[in-house]
Structure formats: C-alpha cells, structure tokens
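Asker: Protein sequence lines correspond, in order, to chains A and B.
The numbering of the first sequence is the numbering used here, which starts it at 1 and goes up by one.
The numbering of the second sequence is the numbering used here, which starts it at 1001 and goes up by one.
Quick reminder that beta carbons are idealized off the backbone N, C-alpha and C, glycines included.
All values reported here derive from a predicted model rather than from experimental measurement.
Handing you this structure, nothing more for now.
2 protein chains.
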Amino acid sequence: MTVVAPKVEKEEEQVVNPWEVSAGKGGIDYDKLVDQFGCQRLDAATIDRVARLTGRPPHRFLRRGLFFAHRDFNEILDLYEKGEKFYLYTGRGPSSEALHLGHLVPFMFTKYLQDAFKVPLVIQLTDDEKFLWKNLTVNESKRLARENAKDIIACGFDVEKTFIFSDFNFVGGAFYENMVKVARCVTYNKVVGIFGFSQEDHIGKISFPPVQAVPSFPSSFPHLFSGMEQLRCLIPCAIDQDPYFRMTRDVAPRIGCQKPSLTESRFSPALQGESTKMSASDPNSAIYVTDSEEKIKMKVNKYAFSGGQDSAELQRELGANLEVDVPIKYLNFFLEDDHDLEQIKKGYGDGSLLTGKVKNLLGDVLYEVVKRHTRARAQVTEEMVDAFMAARPLPNMFG
Amino acid sequence: MTVVAPKVEKEEEQVVNPWEVSAGKGGIDYDKLVDQFGCQRLDAATIDRVARLTGRPPHRFLRRGLFFAHRDFNEILDLYEKGEKFYLYTGRGPSSEALHLGHLVPFMFTKYLQDAFKVPLVIQLTDDEKFLWKNLTVNESKRLARENAKDIIACGFDVEKTFIFSDFNFVGGAFYENMVKVARCVTYNKVVGIFGFSQEDHIGKISFPPVQAVPSFPSSFPHLFSGMEQLRCLIPCAIDQDPYFRMTRDVAPRIGCQKPSLTESRFSPALQGESTKMSASDPNSAIYVTDSEEKIKMKVNKYAFSGGQDSAELQRELGANLEVDVPIKYLNFFLEDDHDLEQIKKGYGDGSLLTGKVKNLLGDVLYEVVKRHTRARAQVTEEMVDAFMAARPLPNMFG
Chain A
1 MTVVAPKVEK EEEQVVNPWE VSAGKGGIDY DKLVDQFGCQ RLDAATIDRV
51 ARLTGRPPHR FLRRGLFFAH RDFNEILDLY EKGEKFYLYT GRGPSSEALH
101 LGHLVPFMFT KYLQDAFKVP LVIQLTDDEK FLWKNLTVNE SKRLARENAK
151 DIIACGFDVE KTFIFSDFNF VGGAFYENMV KVARCVTYNK VVGIFGFSQE
201 DHIGKISFPP VQAVPSFPSS FPHLFSGMEQ LRCLIPCAID QDPYFRMTRD
251 VAPRIGCQKP SLTESRFSPA LQGESTKMSA SDPNSAIYVT DSEEKIKMKV
301 NKYAFSGGQD SAELQRELGA NLEVDVPIKY LNFFLEDDHD LEQIKKGYGD
351 GSLLTGKVKN LLGDVLYEVV KRHTRARAQV TEEMVDAFMA ARPLPNMFG
Chain B
1001 MTVVAPKVEK EEEQVVNPWE VSAGKGGIDY DKLVDQFGCQ RLDAATIDRV
1051 ARLTGRPPHR FLRRGLFFAH RDFNEILDLY EKGEKFYLYT GRGPSSEALH
1101 LGHLVPFMFT KYLQDAFKVP LVIQLTDDEK FLWKNLTVNE SKRLARENAK
1151 DIIACGFDVE KTFIFSDFNF VGGAFYENMV KVARCVTYNK VVGIFGFSQE
1201 DHIGKISFPP VQAVPSFPSS FPHLFSGMEQ LRCLIPCAID QDPYFRMTRD
1251 VAPRIGCQKP SLTESRFSPA LQGESTKMSA SDPNSAIYVT DSEEKIKMKV
1301 NKYAFSGGQD SAELQRELGA NLEVDVPIKY LNFFLEDDHD LEQIKKGYGD
1351 GSLLTGKVKN LLGDVLYEVV KRHTRARAQV TEEMVDAFMA ARPLPNMFG
C-alpha cells in the first residue's frame, strides 16, 4: 500500500490539495470543486449584503468572483448584523524568500476584511510545516518566516488589530493544548482520507493538520481572546486549504468550539494558463514582488498564455478567446477600475485590441502593484516585525 | 488491516510495550526481552565500576539485578571517569492521583544516581500523553501532573539540580523544534513497527513518540544546557520504555545529537505474581503510597502470591519456592539490608519460616516505606512544586 490519494479528485484528473494543484487542459473546474468539497457558492446577494453591512463597495475579488466559495460566511454576517464580532485568521507557509503576486491575493483580501469589519486578525506563519515538508533547516524556516512577515506587513495591516506568529516561536501553552485536543479526535485513516498521506510519510506530516486547525479557535490565543471562547472565526483562503478546515469544522463541536467560517478564492493562475497556479518552484510561472520592471514586462510578453489569434489580421477578424487568456485573468485580479477592465475585455474580444497592447497594459498594472508593494516593504523595520509578532493584548482590536 | 503489533513479542506470548505488559504463567522472560530489544545486560563488573567511580555502595536495585539491562551505560561511565559530565532524564505519565510502590522505583533509583554522580536531572510529566490515551480533560491531566510532582519531590530530589516539567506547560521553543526535527525522521510505518499502532488510532498517539524522545537532547533545555549541546544523557527507566529510546537513538545522529544511554529495570510485579506489573487500574495489584497500615497488611496477606506450601506441615517439610514467591520479590525491592534478606530467604526456603511470618515481615517493610514517603510528601508545599517546575537555570547543577 502506497499513496492513498483522495479518490474523487483522481477520477476527475483534477488534483487539489494543500500541496498540489493540477488540472487537465480545460483548467480547474471550480464548480466541480465546490461540489466535491461540499462548500457553498458565494452569490451576488451575499456580496450585496457585505456592501450594505460595511458601508463599503465590495472588494474587486468579490465583485469578480475570485473569492467564489465559502462555508457559513452568512452566519458570520448574521452575527455581525446583530452587533456581534468575529476575528480573522489567515496564514502563510514560508517556503521562499520572495513572494509572488498570487501570495499577496489572500492578504490583500484579508486587509479589506479587517478594514471593512473592524476586527482583529491572527496570521499564522507555518515555519514548522515548511521545515517538515521542504528540505530546510529550522533556522532557515524561521528566517523565511520573518522575511515573509515583512511582505505581509507591507500589505498595510493595522498593528493594533493584528497578531502575526510563527509556529516555532508561539506554539505552546493554550495553543499546544488545543493541538493535542484536535489530534485526539482525528484518526490516521481520517487524515489519509482527507490529505492522501502514505505510510512512508513521516509522522510530522501526519500530525501537522491540528497545527493549522487550532488558530480557528479563540481559546488558542488567551492573550487576545480570554473570556471570548465562543467568538466566531472567519478564514479567507484559497480553496486548496479547504481540507484542513473541513477537518477543523468536523472536530470543533467535539471539543466544545465553534466551527470557523470560510471565504475561499480561486487560484492565481500560472502565466502559462489556468491548469495550475503560480508556483514558487517555477519562477517563470509567476510575477514576484522582487521582479524588476523589465523582468515583469518580459515575463508577461514571453510567458503569459494568450487567447488572441496568431496574427494581427486574424485577431482583428475573430477577436480573442477571453476564457483562456491569461492577461485578462490577471487584469481581473489586479486592475481595480471596473470600467477600464470592461473596455479592455470588449476591445480584445471584438478584435480591435491586439495581444501586444493588452500585454503592455497588464505589464503596467502589475509593475504598479509591485512598485507600491516594494515601497511599502522598504518601510518595514525589524522593530515593526517584532511589534507585530509580540504575543500581546490588542487593546483596540474591535475599534 | 487492523492492529500491527510487534511480531516477535506476539509469537512468544509475551507482550511488553509502553502500554501493555503481559506474559504467560512463567512470568516475564527478561533474558528474552534483552535479546529482542537488542539492549545489553548489566553485569557485575559494571556495577563494581559504578561503586568505584562514585565511592558509594551500589544501590540495592543494582546489587539485586532489578536494574538489569542498559544501552551504552559504559560510555557514560567512560566519560565520567575522564571527568566529563552527563545529565539524567526520567519521567512519569500522570494517569492517577496516587502512586503505587512500583511508580517510586525509578525515582528512588534516579535519586541515587543524582546523588552519586552529582548531575542535573530533568523529569518529564507527560500530561499530554495521558490526555491522549486516557479519557481525561486537559485540566485534570495537568492537575494530576502537579499531584504526582509532589510525590516525586518527596523522593528527596535536590531543587538546585532538578527541573520537573509538564509537557502542557513547557513544550514550545527549543523543545518543540526538536520534536519536529525528530518527527521528520520517523515514518508512519516505523512507529507502527515500534509501537504497534493501528490505522484507527488517533494521530495524537502517532505523533507522541517525539515528545518523549527529545528530553534526551540537551538542546531541548536551553535554560539549562546552553552551549552544552553534546552533553550525554542517561535515562533510568523500566524496560517497557525501551521502544521510545530505540527510536530516539536511531534518530539522534541524523539530527546531529548524541544518543542517550539507558539503564533499564525489571517491572515491580503485581501482588498476584510476575506475569504482569503493578497496575494503577487494578488497586488490588499494587500497594499505594496512600494505603493505610491496615490496608497494606490486608493486601499483602490476602493477595500476595505465595511460593510457600499449602500447610504449615508441608512448608516445614518442603520449604517455599522462592522463584515465584511475591513477598520475597517485594523484599528484594524494598528491604535495604542484604544480610536480613538472605536470612529470610534461607529460612523460608528451608521451611523454618512460614508464609504468614514472611508476609508479616513484608507488611512491616512496606508500611515503613509508605510511612516515610507520606511524611516527606506532607512537607511538599505548592511553592516547592512551583520552584521545581520553574524554567530556570540550575546554577550548581554539577556541584
């Protein structure tokens, strides 16, 4: 007996789990994924409700269906409408020094949620996970966690409402107690069913899921949420993290905790197309926040899969196939102005805009995002990292 | 596929692992165990060497072969002879409030080692393990850990050389880093081979072995052994704990650590005989440190399996079978005076002493041990527990 991969996904030739995202030529079938995972679709009524409750326009990731699925997000909104609070939890596995734009997506969205709902946020840096999965030393994992913290802080989080922690530094105490409680509720067969481990996998992998589960429970953070053990938690994440939280939601009531709610995003596609996501292990699949203006424009021109026609003549005659066009997908993520986006899609679709022009536009948009990020990151000092990562109360966390 | 128990032990109808000790009618075959586990026999020359190096008579547990096996104990003695130091590690799973005399055996021996070699000692209270295996709450496990700490302190440990810690309180930081390093070196198949887990066992059980492994490494205790990362460790324990440390010794060089050495004891037999050990789940199998004088004498008279003959006449004629006689086994553990013990064995063996007389002697000896322990424990305050359990440097730990 070797690898026991989740069955349904194998039959569909579509593999989506926290360590692998791959699909056939048609790209990832997100509809199928929602059905397989048993989560819910994020509909227009819910998005309208977010706008109404927060008094802000919904984030472009919501308007454009990039965050497209959820679990019990409506319950969070019900509570919020009644004047109750919740907290946010998201995270990052620090496997590389430089982030790419796909890595920024959940943090951009989380920042919007923090601002809109005025709620505290915990950010888990799973340096232990990266030590367990990658061939890194403990010290290198911890160093990458701090470097990644700087990129996260550069997204503009409020230090008065945000606690960033590395597992190696923070695990212990109440957090560790919750880990052990979760572990007692989950059998080996169960984690194999959810995550597809093999018997030759090391026990660190098998025992890691509780570590990612427990930030969902306020009792894991007594310095933040003492006396608020029933506070609800909302987790913005990409849909490949759903297996962790399916497990978490299953265990929660058995240890007297509330189930976390989720809002789940699509993946940021690789430059090569939708069949996989931007990957740190293939530098040409992604735009990094450390890429120069030239490099960004070169990558877009050279690698971004185009839905345009092979010649200018054909393009003018037939127009581009927007369904598979990567520049359009990226503009969808990163171009804020809805009107501009519509104009580009219209012109490109009817053939009046050529691929080269659209790629040039995209290069400008991406470089603008990277430039803004680089400037913000340069302002982040070691002292700021220490401030965000200190285990401390957040006196004004709901303010 | 269900339970995968270690094969060799099953064939022999003798099961010895950290959770189960059972054997056929003949009692546990310790010789076979040494061969199966691949540890070494503790011979007379080594015991003489301990006496010579420490300038003290060897403990009765050594003189009488109750600590009978080891792993690389000779290497520890080699180093000590050259003027190098080591530290001691032992532990207890706090599954019950009251200890029995069998529980005291490793602590009595460890106290002797600490006094004789003048070395620091770490004592792990695995309250997390007991939470994972028994149906206890976290708070109850932590409470039992503190109660057991009082019984351990009552054995006379030196607060200037001893650090007692509960996993729930102490795990984190360097200790947690070592846990994760060990976990990365051990596959699921490996822990199944060593411990016999089933696929229906929860992942807490599967991931626990690293927790018991890492106190073997000085780097797990930076507040004690900073800059002494290659300090050797000696673990006094009962032989059923050998599987944990076989695993630990296998992993140690792969993460740049020294292998711990071991001295391993026989089990304290149940009152009913050698085929199992004293068990907290069967109160009549053991003498508790909380038992009254009457209860001790009643238990000895009623339950201690006798090798004496059925009638006084037969006993006078044939004498007792000392090989299976539990009172003699217990006197072997707890009667300090070698000469007295020989006299009793001689008289009982040749029929001049009757079972009733030997049981009366044993009752007196055991009550004396319990009385001494009870008095010492009554002196242990909450403040003393806090002092032993504070994560602090031990300024005079080798003094």
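Looking only at its own chain, which residues have a Cβ that is under 7 Å from the Cβ of residue 1272 of chain B, when we skip the five neighbours before and after it?
Answerer: Counting only Cβ-Cβ distances below 7 Å, and skipping sequence neighbours, we find 1285, 1303, 1305.
Asker: Run through DSSP, which three-state label would residue 274 of chain A get?
Answerer: Here residue 274 of chain A sits in strand by DSSP.
Asker: My assumption, with CB atoms under 8 Å, is that residue 1161 of chain B sits in contact with residue 1397 of chain B. Please give the rounded CB distance.
Answerer: Their Cβ separation, rounded to whole angstroms, is 5 Å, which keeps residue 1161 of chain B and residue 1397 of chain B in contact under 8 Å.
Asker: List, in chain order, every chain A residue whose beta-carbon is nearer than 8 Å to that of residue 1202 of chain B.
Answerer: Those are 183, 184, 185, 186, 187, 188, listed as they occur along chain A.
Asker: Using the C-alpha atoms, what's the distance from residue 1149 of chain B back to residue 1382 of chain B?
Answerer: One C-alpha to the other measures close to 10 Å.
Asker: Is the beta carbon of residue 239 of chain A sitting closer than 9 Å to the one on residue 1206 of chain B?
Answerer: Contact: no.
Asker: Would residue 198 of chain A pass as an interface residue toward chain B - the criterion being a Cβ-Cβ separation below 9 Å?
Answerer: Chain B contact via Cβ: present.
Asker: Any C-beta of chain A sitting closer than 9 Å to the C-beta of residue 1209 of chain B?
Answerer: Answer yes: the Cβ-Cβ gap between residue 1209 of chain B and chain A drops below 9 Å somewhere.
Asker: For residue 268 of chain A, tell me which candidate among A:360, A:21, A:386 has the shortest Cα-Cα distance.
Answerer: Of the listed residues, the one whose Cα sits closest to residue 268 of chain A is A:21.
Asker: Below 6 Å CB to CB, which residues in the same chain sit around residue 275 of chain A once its five sequence neighbours on both sides are set aside?
Answerer: Cβ neighbours of residue 275 of chain A beyond the five flanking positions: 23, 27.
Asker: Report yes if the CB atom of residue 328 of chain A is closer than 9 Å to the CB atom of residue 289 of chain A, and no otherwise.
Answerer: Taking 9 Å as the Cβ cut-off, residue 328 of chain A and residue 289 of chain A do not qualify as a contacting pair.
Asker: To the nearest angstrom, how far is the alpha carbon of residue 319 of chain A from that of residue 14 of chain A?
Answerer: Distance between the alpha carbons of residue 319 of chain A and residue 14 of chain A is about 30 Å.
Asker: If you draw a straight line from the C-alpha of residue 1070 of chain B to the C-alpha of residue 1262 of chain B, how long is it?
Answerer: Distance between the alpha carbons of residue 1070 of chain B and residue 1262 of chain B: 5 Å.
Asker: By DSSP, does residue 232 of chain A sit in helix, in strand, or in coil?
Answerer: Three-state result, residue 232 of chain A: strand.
Asker: Here's the rule: buried if 16 or more other CB atoms are within 10 angstroms of the residue's CB, otherwise exposed. What is residue 1352 of chain B?
Answerer: Answer is exposed; the Cβ neighbour count stays below 16.
Asker: Return the residue from the list B:1283, B:1220, B:1133 that minimises the CA-CA distance to residue 1298 of chain B.
Answerer: Nearest C-alpha to residue 1298 of chain B: B:1283.
Asker: In the DSSP assignment, what residue or residues form a beta bridge with residue 41 of chain A?
Answerer: DSSP output for residue 41 of chain A lists A:69 as bridge partner(s).
Asker: Going straight from the alpha carbon of residue 959 of chain B to that of residue 1036 of chain B, what length do you get?
Answerer: Outside the displayed range of chain B (1001 to 1399) lies residue 959 of chain B, so it cannot be described from this structure.
Asker: In the region 1147-1175 of chain B, which residues sit with their C-beta less than 9 Å from some C-beta in chain A, listed in chain order?
Answerer: Residues passing the 9 Å Cβ filter: 1167, 1168, 1169, 1170, 1171, 1172, 1173, 1175.
Asker: How would you label residue 1373 of chain B, buried or exposed, when you count the other beta carbons within 10 angstroms and need 16 or more for buried?
Answerer: Per the 10 Å Cβ criterion, buried.
Asker: Give the secondary structure of residue 332 of chain A by DSSP, where H, G and I count as helix, E and B as strand, and everything else as coil.
Answerer: Correct three-state label for residue 332 of chain A: helix.
Asker: Less than 9 Å between the beta carbons of residue 1119 of chain B and residue 1061 of chain B, yes or no?
Answerer: Against a cut-off of 9 Å, the Cβ pair of residue 1061 of chain B and residue 1119 of chain B comes out as no contact.
Asker: Quick one: what's got a C-beta closer than 8 Å to residue 1183 of chain B's C-beta in the same chain, skipping five residues either side?
Answerer: Result list for residue 1183 of chain B: 1207, 1210, in chain order.
Asker: Check the Cβ of residue 206 of chain A against every Cβ in chain B and list those closer than 8 Å, keeping chain order.
Answerer: Per Cβ cutoff of 8 Å: 1188, 1203, 1206, 1207.
Asker: If we count Cβ pairs, one from each stretch, closer than 8 Å, do we get three or more for the region 1166-1178 of chain B versus the region 1220-1235 of chain B?
Answerer: These segments touch.
Asker: So which residues on chain B does residue 177 of chain A lean against when the C-beta distance must stay under 7 Å?
Answerer: Ordered by position in chain B, the residues that pass the 7 Å Cβ test against residue 177 of chain A are 1138, 1168.
Asker: State the DSSP-derived secondary structure class of residue 1028 of chain B, mapped to helix, strand or coil.
Answerer: Coil.
Asker: Short check: CB of residue 1212 of chain B to CB of residue 1126 of chain B, under 9 Å?
Answerer: For residue 1212 of chain B and residue 1126 of chain B, yes; Cβs fall inside 9 Å.
Asker: For the region 1119-1131 of chain B, list every residue whose C-beta sits within 7 Å of some C-beta in chain A, in sequence order.
Answerer: Those would be 1128, 1131, in chain order.
Asker: Output, in chain order, the set of chain B residues within a Cβ distance shorter than 7 Å of residue 251 of chain A.
Answerer: Within chain B, no residue comes near residue 251 of chain A; the closest Cβ sits about 11 Å away, beyond 7 Å.
Asker: Rounding to the nearest angstrom, what Cα-Cα distance links residue 369 of chain A and residue 1245 of chain B in this structure?
Answerer: Straight-line Cα distance between these residues: approximately 53 Å.
Asker: Looking at the structure shown, is residue 91 of chain A part of a helix, part of a strand, or coil, going by DSSP?
Answerer: DSSP places residue 91 of chain A in strand when its eight states are reduced to three.
Asker: Just to confirm before moving on: does the CB-CB distance between residue 1180 of chain B and residue 165 of chain A stay below 9 Å?
Answerer: No. Outside cutoff.
Asker: Compare the Cα-Cα distances from residue 216 of chain A to each of A:231, A:17, A:151 and report the closest residue.
Answerer: The shortest C-alpha separation from residue 216 of chain A is found at A:231.
Asker: In whole angstroms, what separates the C-alpha of residue 1311 of chain B from that of residue 1287 of chain B?
Answerer: If I take the Cα positions, the gap works out to 26 Å.
Asker: Does residue 50 of chain A get closer than 9 Å to chain B when you measure Cβ to Cβ?
Answerer: For residue 50 of chain A, the answer is no, since every Cβ of chain B falls outside 9 Å of its Cβ.
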